[in-house]
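Note sheet for the following structure.
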Amino acid sequence: MSETHALPEHYDGSGLYEIRLKGHLDDRWADRFDGLAITMEEDGNTLLTGPVIDQAALHGLLKKVRDLGMPLVSVSQVQFNESQPYRSKKEKEMNTYRMNAVMTGVLYFLGTVFGVSGGLIGGEVLTSLISGKPLVGVDMLSLVAANSSRLTWGAFLTFMMGISLVAMTVFLYPVMRKASKELAMGMVLFRGALEGIFYFSSALIILTLVALGNEYIASGADSVVLQSISNVLYQFESLKAPVSSIIFLIGATCIYLTFYRTRLIPRWLSVWGFIAVVTSMTAALLKFFHVDTGFGFYLEMVMFPQELVMAVWLIVKGFNPKAIAALSANKE
């Protein structure tokens, strides 16, 4: 049986009301309560806020609450300017976290799209550059010059990927810091600042090689110095790739550990992330120590679908409201 609360005599039923229930009520119940704003509060209660036209309408709402079987905590009439536009501070906070989840998912998704698009547009030349393995028996600078337009677009998309993934940490940080400031800062440092530097440097290396290729053709395709510089850039990119992966995976671990502990997203997604970190770290260490097993690519691919699924989940579902409420309550 739910609790009942008698209405004070001075309530005339008209005006703006706040009805507080024990437990959480999903937004899908909004139509049942005549469009009242539904706010899931940090203490585990649900707040219904909105206008009630008369006493009969108010009693009708309370009857619906009784039928739900949820305990009624309180009923209060508020001044119009206290709840305009019928949203409490806590509801606005929940909407902010919803926006954070959506923006995080969108930027995750965009980062992946930019990265894949850059690889497709750049073709085998860009792929060989990123992997640090020049095509055998090919005059690379001549090939770079012949594909300068495609590589320039590849550099631009790599740059945009870096911007997207760095910006993602800006929206994720306010949520993560409620669980652990240390893990949140780790995410910003490794998935934000350091990872961003690696993406931006890759874009610059691609553009530098395009400039070298064009100069190589202009000088008569017979410059040992330009070839030496390009070889150094290839070697630098080859050394940078596994280091960049390790930096990325440290930041990813901070994110998945926070998600697992807080249940902001389903734990199966977090566990999938941990598995992807292990396989990707194995591939990065093999590459770092120049061990070519032939299956490093497949180890890295475990992460790709996981991040896409997580991005879509954040866009469609957002963070778990109960987990957000628990985090907020713990910090008060």
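The sequence shown runs 665 to 996 under the working numbering. Even for Gly, the Cβ is constructed at its ideal location relative to N, Cα and C. Keep in mind that this is a model prediction, so the values were computed, not measured.
Alpha-carbon spacing of residue i relative to residue j, whole angstroms
i	j	result
MET665	PRO735	Summary for MET665: the model assigns pLDDT 36, below 50, so the residue's position carries little reliability, and this model does not support an answer.
ALA621	VAL729	In the structure as shown, the chain starts at 665 and stops at 996, and residue 621 therefore has no counterpart that could be examined.
ALA882	VAL777	35 Å
ALA916	ALA831	15 Å
LEU949	LEU903	12 Å
VAL808	TRP936	38 Å
ILE939	GLU964	11 Å
MET974	HIS723	43 Å
SER894	ARG931	46 Å
PHE983	ALA810	47 Å
PHE912	THR833	12 Å
LEU928	VAL716	35 Å
VAL980	GLN970	15 Å
TYR750	SER740	Low confidence applies here, because TYR750 scores a pLDDT of 45, under 50, leaving its location unreliable; read the following figure in that light. So the alpha carbons of these two residues sit roughly 14 Å apart.
VAL802	LEU847	46 Å
GLY959	LEU991	Before going on, a small fix: residue 959 reads as Phe here, not Gly. Cα to Cα, the separation comes out at about 41 Å.
HIS674	ILE683	Low confidence applies here, because HIS674 scores a pLDDT of 44, under 50, leaving its location unreliable; read the following figure in that light. Rounded to the nearest angstrom, the two C-alpha atoms are 17 Å apart.
GLY877	TYR962	32 Å
ASP718	LEU726	13 Å
ASP731	PRO985	24 Å
GLY884	TYR924	59 Å
GLY708	GLU788	55 Å
VAL976	LEU933	12 Å
SER792	LEU689	54 Å
PRO838	ILE870	34 Å
PHE862	THR872	15 Å
ASN764	VAL852	15 Å
GLY687	ARG762	20 Å
VAL955	ILE702	57 Å
VAL896	PHE968	30 Å
Neighbour-count burial assignment, residue i, 16 or more Cβ in a 10 Å radius
i	result
ALA843	buried
ILE638	Residue 638 lies beyond the residue range present for the chain, which begins at 665 and ends at 996; the question has no answer from this structure.
LEU700	buried
LEU978	buried
PHE773	buried
GLY856	buried
ALA720	exposed
LEU790	buried
GLU859	buried
VAL941	buried
LEU784	exposed
ILE738	Note that residue 738 corresponds to Ser in the displayed sequence, not to Ile. SER738 should be labelled exposed.
GLY775	buried
Any non-hydrogen atom of the ligand COA within 6 Å of residue i CB
i	result
ILE881	For the ligand COA, the structure offers nothing, since it holds no ligand at all.
Residue i: first and last residue of the uninterrupted alpha helix (DSSP H) it sits in
i	result
ALA940	931-952
SER865	859-882
PHE697	No alpha helix (DSSP H) holds PHE697; DSSP gives it neither H nor E.
ASP731	719-732
PHE658	The chain is shown only over 665 to 996; residue 658 falls outside these bounds and no answer can be derived.
LEU821	812-843
ARG925	888-926
VAL973	967-980
CB contact check: residue i to chain C, cutoff 7 Å
i	result
LEU700	Among the protein chains of the structure shown there is no chain C, as only one such chain exists.
Pair within 7 Å by beta-carbon distance, residue i and residue j
i	j	result
LEU815	GLY779	no
ILE914	PHE854	yes
TYR898	LEU805	no
THR926	ALA989	no
THR713	MET704	no
LEU821	GLY850	no
MET840	THR922	yes
PHE835	THR768	yes
SER812	VAL907	no
VAL742	LEU685	no
THR943	VAL966	yes
Residue interval of the beta strand (DSSP E) (run including residue i)
i	result
THR713	709-716
ALA701	701-704
LEU685	679-686
LEU736	736-742
### Task
Decide if the stretch 880-900 is in contact with the stretch 947-964; the criterion is three or more beta carbon pairs, one per stretch, under 8 Å apart.
Because the criterion of three Cβ pairs below 8 Å is not met, the stretch 880-900 and the stretch 947-964 do not touch.
### Validate contact between the stretch 823-830 and the stretch 861-878 using beta carbons, cut 8 Å, 3 pairs
yes
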